[in-house]
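S.K.: Pasting a structure below so you can have a look.
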Amino acid sequence: MNIPSQITTLLAGILLTLISFWYGQNHNLLPVEASKNAASVDSLFNAMLTIGTGIFLLVAGILIYSAIKFRRDPDDTSDGPPVHGNIPLEILWTAIPAIIVLGISVYSFDVYMDENGMNPMDHMAHGKAQHQVAAQPGNAVAQLTGSPAFAATLVSQADPNQQQAESILKDPATNAVREDIPQRKDAPTLGTVSPRVGSSPEKTEKPAEVVISATGMQYAWLFTYPGTEVVAGELHVPLGRDVLINISANDVLHAFWVPEFRLKQDAVPGRQTEIRFTPTREGQYPLICAELCGAYHGAMKTIVVVEPQEAYDSWLQSQEVASAEVLDRAIAANPATMTDEEYLAPYAQDIGITAAALEQLHSHEGHS
Amino acid sequence: MTTLDPAKLERNHHQDDHHVASGHEDHPDYRLLGIIVFLVAEGMIFLGLFTAYFAFRTVAPTWPPEGTPKLELLLPGINTVILIGSSFVIHNADTAIKKNDVRGLRLWFGVTAAMGAVFLAGQLYEYFHLEFGLTKNIFASTFYVLTGFHGLHVCFGLILIMAVLWRSLKPNHYNSKDHFGVEAAEIYWHFVDVIWVILFLLLYII
Amino acid sequence: MTQAAQIQEEANQLAHGNKPGNWKEYFSFSTDHKVIGIQYLVTTFFFYLIGGVLATLVRTELATPESDFVSREVYNSLFTVHATVMIFLWIVPGATGGFGNYLIPLMIGARDMAFPRLNALAFWIIPPTGLMLMSSFLVGAPGAGWTNYPPLSLVSPKAGEMIWILSILLLGTSSILAAVNFIVTIFKMRVPGMGLNQMPLFCWSMLATSFLALIATPVLAGAMILLSFDVLIGTAFFNPTGGGDPIIYQHLFWFYSHPAVYIMILPIFGMISEIVSVHSRKPIFGYKAIAYSSIAICGLGLIVWAHHMFTSGTPPWLRMFFMITTMVISVPTGIKIFSWLATLWGGKLDMSSALLFAMGFICLFVIGGISGVMTASVPFDIHVHDTYFVVAHLHYVLFGGSVFGLYGGFYHWFPKITGRMMSEAWGKAHFWLTFIGFNLAFMPMHKLGMEGMNRRVAEYDPKFATLNLICTIGAYLLAVSTIPFIVNATWSWLRGKPAGDNPWRALTLEWMTTSPPPVENFEADPVLATGPYDYGMGSRATEVDVPFSEADDPTLSAGPSSTLRAKPDPVVAANPSDRGDESYNRE
Ligand code: HEA
Ligand code: HEA
Ligand code: CUA
Ligand SMILES: [Cu+2]
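Protein chains in written order, with this note's numbering: chain A, 13 to 380; chain B, 270 to 475; chain C, 3 to 589.
If you want it as structure tokens, here you go:
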């Protein structure tokens with residue numbers, strides 16, 4: 013049977029498209045979606061995977077086809093046709109990828125806006141002047157501009173980031189576990205309060221419903237619930253509510269990652285970062301430290317429990333008493349004078365370090 | 270079988286004017302271009318450090334951080350003038366050697382070396398009389414690293430100049446045609462100078 | 003029918019020379035670029051084996067979910083040194099120093115590099131530095147990852163940390179010196195009549211690479227200087243407790259290390275262009291597009307670095323900027339990929355080992371490129387950053403890309419370098435073992451990362467055990483796969499079938515001399531009777547002949563199939579006599 017080559021090409025193209033679309037939807041590569049923004053990240057990924065599969069199949073197809081079809085006879089020493097180029101074709105394969113990546117960019121941008129990463133309140137507008145005001149009201153700006161009146165107007169619009177960072181530190185429980193970090197209050201260009209990835213646009217202006225502080229330290233997360241005395245090693249959040257986590261680190265870099273939420277944020281010593289999300293699916297999910305932070309980086313893991321409001325409230329109450337004790341211990345003991353083992357012991361259960369791990373930690377004490 | 274015209278091939282072999290036996294290292298002297306290209310890399314180190322300085326400055330709530338004593342401007346000001354002046358002085362040497370005037374070359378290089386030495390001495394004097402040490406705060410650290418790294422380059426420039434002076438003692442080592450060392454030292458010296466001007470503006474003025 | 007290769011060879015009969023000196027020079031401070039190139043290749047390949055052994059240990063630890071093979075500290079050192087060795091002691095010096103040194107002067111018809119002694123110096127920095135880095139295992143190897151982020155790097159054991167910093171500074175210096183050398187050589191020492199647009203594409207990509215190295219490496223040196231002050235003297239550049247900022251380190255580091263990935267891939271792109279064209283017996287498709295896209299990648303590569311920092315707390319508008327610039331890099335890269343495919347299309351593929359590796363490269367690099375574009379998308383990267391998805395991406399581009407390309411290069415230029423052919427059967431076994439092992443080892447990592455396995459961990463959730471075991475098996479297969487190559491290379495070097503001067507019937511100038519080439523490269527200056535890729539032009543190459551009277555007219559003679567070339571541009575001419583009054587100094 014002799015099928016014209018255009019038709020074979022067409023059929024191959026259709027087949028390639030179908031496979032790509034099928035695989036883009038049925039890859040089974042991602043864990044369950046447990047936050048409001050997870051779904052949009054996943055559809056973004058599906059779209060990229062569809063396109064990616066298509067491109068890969070095209071390239072691999074041409075390679076395999078060429079390897080079979082254009083293989084040289086062993087005794088043929090002649091050259092192939094002298095084709096030096098083809099301008100329309102080259103324009104085509106410059107333009108199509110350009111359009112594709114532009115499309116992906118726009119789509120990503122959209123998803124990012126949806127996560128409210130691009131909160132206009134956060135960064136764009138922040139100039140150096142305001143930033144200095146925040147740090148040293150009046151003084152610095154007066155120096156800068158030489159005009160007290162100008163300084164005054166700037167002072168009145170003090171930095172929201174600054175205010176927020178300060179209000180977090182006003183909470184005694186939070187303050188206690190973060191004692192030794194000098195918080196860099198505001199950094200306009202490099203970003204102190206990190207963008208609010210995770211919340212939804214309609215809430216941009218609204219304060220979050222639940223605010224929790226997370227502090228990373230070698231090798232545990234400590235969560236404090238402002239307004240309560242609770243200090244816990246695992247994170248509990250109420251289902252369907254808008255949660256804001258203020259993240260910081262006590263020693264080295266850590267990162268707050270919940271795969272099921274599709275969210276990650278580094279915890280940077282000296283900086284205040286944050287993440288905002290709405291959990292949508294009840295259950296327990298791993299909360300993982302995703303930034304290399306030392307030998308036990310791999311063990312720095314805990315869980316996040318998404319539970320209905322009532323369960324959350326009662327958990328909070330039950331913790332109130334118990335946590336006060338842990339907190340006492342945390343404050344009373346100076347980590348510098350303790351061995352890692354002693355230091356970790358109180359949290360051992362919370363953060364899931366086994367006795368064996370502690371044992372091993374002990375045996376390597378000599379190295380560090 | 271080919272239709273190539275043997276005459277053409279012959280023409281392209283440079284049989285007569287090129288001696289293969291001359292060795293694989295033997296080719297025109299591109300060292301000057303090499304130095305210019307290398308200075309691009311040097312410039313990038315400084316650019317990186319300057320950018321870091323700017324970044325620290327932007328991130329810090331106040332700059333310089335509270336408690337940093339004010340920098341004295343007089344001495345570094347004089348130093349700056351000396352260094353800029355030396356750039357003009359060293360250029361005279363270049364002009365001199367292009368006229369085959371080796372004594373002029375020695376004179377102007379000598380003056381440049383002296384000016385460079387004064388600059389370094391001034392720099393050291395400033396270091397010893399500053400009220401802050403390297404680890405006092407982030408400003409102090411950047412200050413010392415930037416000026417120190419530049420100082421190292423001045424030292425190296427001085428060494429280059431001295432080497433040229435030393436070699437110029439040999440008769441006809443440098444002449445109007447062949448004076449790579451002179452040009453290299455001069456270019457390097459200009460480079461060090463430009464960096465200092467930027468550095469001075471960054472650290473002392475703004 | 004006369005073929006291009008025949009024309010080129012006949013025109014260059016006079017260029018062939020005698021056989022070279024003896025083996026002892028490979029262990030000495032030789033200034034011959036070919037000796038230095040071989041020194042680079044052998045040394046860096048040796049470091050590749052060391053890096054591979056470290057990787058094998060990493061995978062052995064990861065075969066089971068528990069941390070049971072080495073201690074956690076040692077594990078961190080293993081992958082840190084693995085990555086440092088692979089990047090700074092294998093791909094960067096292997097591709098630029100090794101192939102670059104060996105091929106550039108030959109391809110442009112020069113007798114050596116512009117600064118032969120500087121060249122030797124740049125090489126000799128490498129072996130002691132490599133040994134020093136390895137010796138850090140005796141005093142507590144660095145363990146803060148190849149990115150060495152502070153503050154972790156500031157609280158790690160100081161000795162290992164300083165060794166790491168010093169190694170990076172030295173290797174960076176070596177790479178800057180090499181870059182200076184390449185830039186001057188390519189601009190100044192081309193054979194008369196070889197304009198930039200008549201250069202083989204490998205020269206273009208080395209030019210772009212050298213610019214990147216020249217501009218980006220010093221910034222890394224700056225970062226290392228600051229970091230060493232923090233480690234040794236206790237300044238606080240990157241230490242928040244003293245008013246410093248760890249994020250600034252990240253910016254400085256990635257300002258180098260993103261361009262570094264293009265330093266590692268651009269030379270490979272150049273090699274692939276050569277291999278694909280020669281082994282499919284067709285002119286390279288879209289010469290200028292490929293050449294200029296290297297330059298575009300070089301430019302764009304300098305302004306995308308913060309895509310490694312999407313979760314560090316960079317401001318959103320910056321993230322968007324870096325997302326878009328990063329994605330745009332796919333366009334020039336795509337041009338190359340499609341041009342290679344078009345070159346293959348309709349050719350006469352000899353399916354030799356070199357071509358197999360080149361085709362393997364295209365296939366695997368595209369996978370890595372696509373996962374790169376995915377991570378460039380901010381919302382998705384927020385999920386997969388610092389997970390095995392990124393580990394998969396980086397091995398697809400670095401191993402599937404750079405290492406496959408380097409293997410291709412070995413098979414392609416081995417006959418030139420040694421004068422002997424490699425065994426095709428062993429080569430094919432090598433290819434298939436590597437290809438299968440590679441995909442087994444790294445394909446599952448995509449899923450691991452997305453499912454929730456973070457990178458740089460010695461222990462992991464038992465639910466990932468199966469996939470990790472597959473990766474480990476793949477890694478062992480990869481280790482085994484190097485054996486056929488080593489056997490093949492050693493045996494062929496000693497006993498292989500003599501290759502003749504131009505076994506692939508290629509057109510670029512390195513094939514126009516003896517294999518291996520004499521010390522002077524060419525007995526007489528080579529000539530360009532054809533362009534570098536004029537396959538299939540047959541005797542047509544002479545049809546567009548230039549009348550002798552107008553042989554010096556650049557527009558007439560510089561075409562792709564020119565038989566005679568323009569009068570050399572006095573500024574760039576390699577021969578003193580052609581430079582007229584334009585000479586720089588001396589002479
Ligand atoms: C050789 C090395 C190399 C190369 C060439 C690349 C190429 C690219 N890389 Fe990769 N990258 C690394 C080595 C490399 N990378 C390493 C080592 C890391 C990890 C560092 C660490 O953290 O340890 C990393 C990490 C890394 C990250 C950070 C991930 C994270 O930590 O969260 C990102 C994010 O944007 C990224 C993106 C890209 C992109 C967009 C390209 C592009 O250049 C790819 C372009 C190519 C293609 C796209 C394929 C061909 C094109 C077509 C067929 C045209 C059609 C295609 C489309 C329309 C999409 N890379
Ligand atoms: C060019 C770069 C390159 C190359 C070629 C490789 C090659 C390999 N890499 Fe590597 N890798 C990196 C660059 C590279 N890697 C980087 C940049 C990182 C990030 C590090 C970080 O996070 O800081 C990384 C991290 C990394 C990890 C993640 C570690 C972690 O995050 O915890 C893993 C895990 O599987 C891994 C595995 C491998 C394997 C199995 C190979 C295999 O391909 C190796 C194959 C093995 C051999 C080729 C050796 C064969 C020889 C023998 C076994 C015996 C012969 C010996 C003698 C004769 C002496 N690599
Ligand atoms: Cu904390 Cu990793
Ligand atoms: Cu990158």
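We put the beta carbon where it would ideally sit given N, CA and C, even for glycine.
All values reported here derive from a predicted model rather than from experimental measurement.
Quick check for students: name the residue ranges of the alpha helix (DSSP H) that lie wholly in the region 411-436 of chain C, counting only runs of 4 or more.
M.R.: Listed in chain order, nothing qualifies, since the region 411-436 of chain C has no complete alpha helix (DSSP H) run of 4 or more residues.
S.K.: Is it the case that the region 296-303 of chain A contacts the region 478-485 of chain C, given that we only count it when at least three CB pairs across the two stretches are under 8 Å?
M.R.: No, because fewer than three Cβ pairs between the region 478-485 of chain C and the region 296-303 of chain A fall closer than 8 Å, the two stretches do not touch.
S.K.: Go to residue 183 of chain C, then tell me how far its alpha helix (DSSP H) extends in each direction, as first and last residue.
M.R.: For the purposes of this step, residue 183 of chain C is taken as residue 181 along the third sequence, with counting starting at 1. Unbroken alpha helix (DSSP H) run through residue 183 of chain C: 160-190.
S.K.: Closer than 8 Å: is that where the CB of residue 231 of chain A sits relative to any heavy atom of ligand 3?
M.R.: On the first sequence, residue 231 of chain A is found 219 positions in, with the first residue counted as 1. Flag set: Cβ of residue 231 of chain A near ligand 3.
S.K.: Pair every Cβ in the region 131-141 of chain C with every Cβ in the region 160-169 of chain C, then say whether three or more of these pairs are closer than 8 Å.
M.R.: yes
S.K.: What residue ranges within the region 327-385 of chain C form continuous alpha helix (DSSP H) runs of no fewer than 4 residues, ordered along the chain?
M.R.: 332-346, 355-378, all fully within the region 327-385 of chain C.
S.K.: Tell me which residue opens and which closes the beta strand (DSSP E) that residue 301 of chain A is part of.
M.R.: One-based indexing of the first sequence puts residue 301 of chain A at position 289. Per DSSP, residue 301 of chain A belongs to the beta strand (DSSP E) from 295-301.
S.K.: Less than 8 Å between the CB atoms is what I'm expecting for residue 223 of chain C and residue 171 of chain C, so what's the real figure, rounded?
M.R.: Here residue 223 of chain C refers to the residue found at position 221 of the third sequence. Here residue 171 of chain C refers to the residue found at position 169 of the third sequence. By a beta-carbon distance limit of 8 Å, residue 223 of chain C contacts residue 171 of chain C. Their separation comes to about 6 Å.
S.K.: CB of residue 315 of chain C to nearest heavy atom of ligand 5: below 8 Å?
M.R.: Of the ligands this structure carries, namely ligand 1, ligand 2, ligand 3 and ligand 4, none is ligand 5.
S.K.: Closer than 6 Å by C-beta to residue 462 of chain C: which residues in its own chain qualify, once you throw out the five before and the five after it? Chain order, please.
M.R.: Along the third sequence, one-based indexing puts residue 462 of chain C at 460. Counting only Cβ-Cβ distances below 6 Å, and skipping sequence neighbours, we find 67, 455.
S.K.: Quick check: residue 433 of chain B and residue 228 of chain C, are their CB atoms within less than 9 Å of each other?
M.R.: Counting from 1 along the second sequence, the entry for residue 433 of chain B is found at position 164. Counting from 1 along the third sequence, the entry for residue 228 of chain C is found at position 226. Not a contact, by the Cβ cut-off of 9 Å.
S.K.: So, at 6 Å on beta carbons, what are the nonlocal neighbours of residue 338 of chain B in its own chain, with the 5 sequence-adjacent residues on each side left out?
M.R.: Position 69 of the second sequence holds residue 338 of chain B. Short of 6 Å from the beta carbon of residue 338 of chain B, and not among the five residues preceding or following it, lie these beta carbons of its own chain, in chain order: 400.
S.K.: Quick one: Cα of residue 526 of chain C to Cα of residue 112 of chain C, how far?
M.R.: Locating residue 526 of chain C in the third sequence gives position 524, counting from the first residue. Locating residue 112 of chain C in the third sequence gives position 110, counting from the first residue. Near 11 Å, if we compare the C-alpha coordinates of residue 112 of chain C and residue 526 of chain C.
S.K.: Of the residues that make up the region 271-300 of chain A, which ones have a beta carbon closer than 7 Å to any beta carbon in chain C?
M.R.: If the cut-off is 7 Å between Cβ atoms, the region 271-300 of chain A has 271, 274, 275, 276, 277, 278, 280, 281, 282, 283, 285, 298, 300 near chain C.
S.K.: Is there at least one Cβ from chain C nearer than 9 Å to residue 411 of chain B's Cβ?
M.R.: If you number the second sequence from 1, residue 411 of chain B lands on position 142. Interface residue, yes.
S.K.: Leaving out five residues before and five after residue 298 of chain C in sequence, what residues of the same chain have Cβ atoms less than 6 Å from its Cβ?
M.R.: For this step, residue 298 of chain C is matched to residue 296 along the third sequence. The answer, listed in chain order, is 334.
S.K.: For a contact defined as C-beta to C-beta under 7 Å, what are the partners of residue 109 of chain A on chain F?
M.R.: Protein chains A, B and C are contained in the structure displayed, whereas chain F is not.
S.K.: Can you tell me whether residue 397 of chain B is buried or exposed, with buried defined as 16 or more other CB within 10 angstroms of its CB?
M.R.: Translated into the one-based positions of the second sequence, residue 397 of chain B becomes position 128. Result: exposed.
S.K.: Name the chain C residues whose beta carbon is nearer than 7 Å to that of residue 106 of chain A?
M.R.: By 1-based counting over the first sequence, the position of residue 106 of chain A is 94. Within chain C, the residues near residue 106 of chain A are 333, 337.
S.K.: Answer with yes or no whether the minimum CB distance from residue 9 of chain C to chain A is below 9 Å.
M.R.: Mapped onto the third sequence, residue 9 of chain C falls at position 7. For residue 9 of chain C, the answer is no, since every Cβ of chain A falls outside 9 Å of its Cβ.
S.K.: Just to confirm, does residue 256 of chain C get its C-beta within under 8 Å of one of the non-hydrogen atoms of ligand 4?
M.R.: The sequence position of residue 256 of chain C within the third sequence is 254, counting from 1. At least one heavy atom of ligand 4 is found less than 8 Å from the C-beta of residue 256 of chain C.
S.K.: Using a Cβ-based criterion (distance less than 8 Å to any ligand heavy atom), does residue 220 of chain C qualify as near ligand 1?
M.R.: Residue mapping note: residue 220 of chain C aligns to position 218 of the third sequence, counting from 1. Incorrect: residue 220 of chain C has no Cβ contact closer than 8 Å to ligand 1.
S.K.: Compare the Cα-Cα distances from residue 464 of chain C to each of C/154, C/17, C/65 and report the closest residue.
M.R.: Along the third sequence, read from residue 1 onward, the residue named residue 464 of chain C stands at position 462. Minimum Cα distance to residue 464 of chain C is reached at C/65.
S.K.: Count the other C-beta atoms from every protein chain shown that fall within 10 angstroms of the C-beta of residue 568 of chain C, then say buried if there are 16 or more, exposed otherwise.
M.R.: Walking along the third sequence from the start, residue 568 of chain C turns up at place 566. With a pLDDT of 39 at residue 568 of chain C, under the threshold of 50, the modelled position of this residue cannot be trusted; read the value that follows with caution. Buried, because 16 or more other Cβ atoms sit within 10 Å of the Cβ of residue 568 of chain C.
S.K.: Of all the options C/197, C/460, C/213, C/27, which has the alpha carbon lying nearest to the alpha carbon of residue 70 of chain C?
M.R.: Counting from 1 along the third sequence, the entry for residue 70 of chain C is found at position 68. It is C/460 whose Cα lies nearest to the Cα of residue 70 of chain C.
S.K.: Spell out whether any CB of chain C is found under 9 Å from the CB atom of residue 311 of chain B.
M.R.: Within the second sequence, residue 311 of chain B is the residue found at index 42, counting from 1. So yes, residue 311 of chain B belongs to the interface.
S.K.: For residue 248 of chain A, collect the residues of the same chain with a Cβ closer than 6 Å to its Cβ; drop the 5 residues on either side in sequence, then sort them by chain order.
M.R.: Numbered from its first residue, the first sequence carries residue 248 of chain A at position 236. So the list reads 317, 324, 327, once near-sequence residues are dropped.
S.K.: Taking contact to mean 3 or more Cβ pairs, one atom from each stretch, closer than 8 Å, check whether the region 529-540 of chain C and the region 283-290 of chain C are in contact.
M.R.: yes
S.K.: I want to see whether chain C comes within less than 9 Å of residue 89 of chain A, judged by CB atoms only; does it?
M.R.: In the first sequence, residue 89 of chain A corresponds to position 77, counting from 1. So yes, residue 89 of chain A belongs to the interface.
S.K.: Name the chain C residues whose beta carbon is nearer than 9 Å to that of residue 16 of chain A?
M.R.: As a position in the first sequence, residue 16 of chain A is number 4, starting the count at 1. Result: empty, since nearest Cβ-Cβ is about 18 Å, beyond 9 Å.
S.K.: For residue 85 of chain C, is the beta carbon positioned less than 8 Å from some heavy atom of ligand 1?
M.R.: To locate residue 85 of chain C, count along the third sequence from 1; it is residue 83. Yes.
S.K.: Going by the DSSP bridge assignment, what does residue 275 of chain A pair with across the sheet?
M.R.: Numbered from 1 along the first sequence, position 263 holds the residue referred to as residue 275 of chain A. Bridge partners of residue 275 of chain A: A/270.
S.K.: In the DSSP output, what is residue 229 of chain A paired with across the bridge?
M.R.: Taking the first sequence and counting its residues from 1, one reaches residue 229 of chain A at position 217. Answer is A/232.
S.K.: Verify the contact flag: residue 303 of chain A, CB atom, against every heavy atom of ligand 3, threshold strictly below 8 Å.
M.R.: The residue labelled residue 303 of chain A in the question sits at position 291 within the first sequence. Indeed, a heavy atom of ligand 3 lies less than 8 Å from the Cβ.
S.K.: Beta carbon of residue 76 of chain C: closer than 8 Å to some heavy atom of ligand 4?
M.R.: Mapped onto the third sequence, residue 76 of chain C falls at position 74. Residue 76 of chain C: no, Cβ never under 8 Å from ligand 4.
S.K.: With distances taken from CA atoms, which of C/290, C/328, C/508 is nearest residue 263 of chain C?
M.R.: For the purposes of this step, residue 263 of chain C is taken as residue 261 along the third sequence, with counting starting at 1. The residue among C/290, C/328, C/508 with its C-alpha nearest the C-alpha of residue 263 of chain C is C/328.
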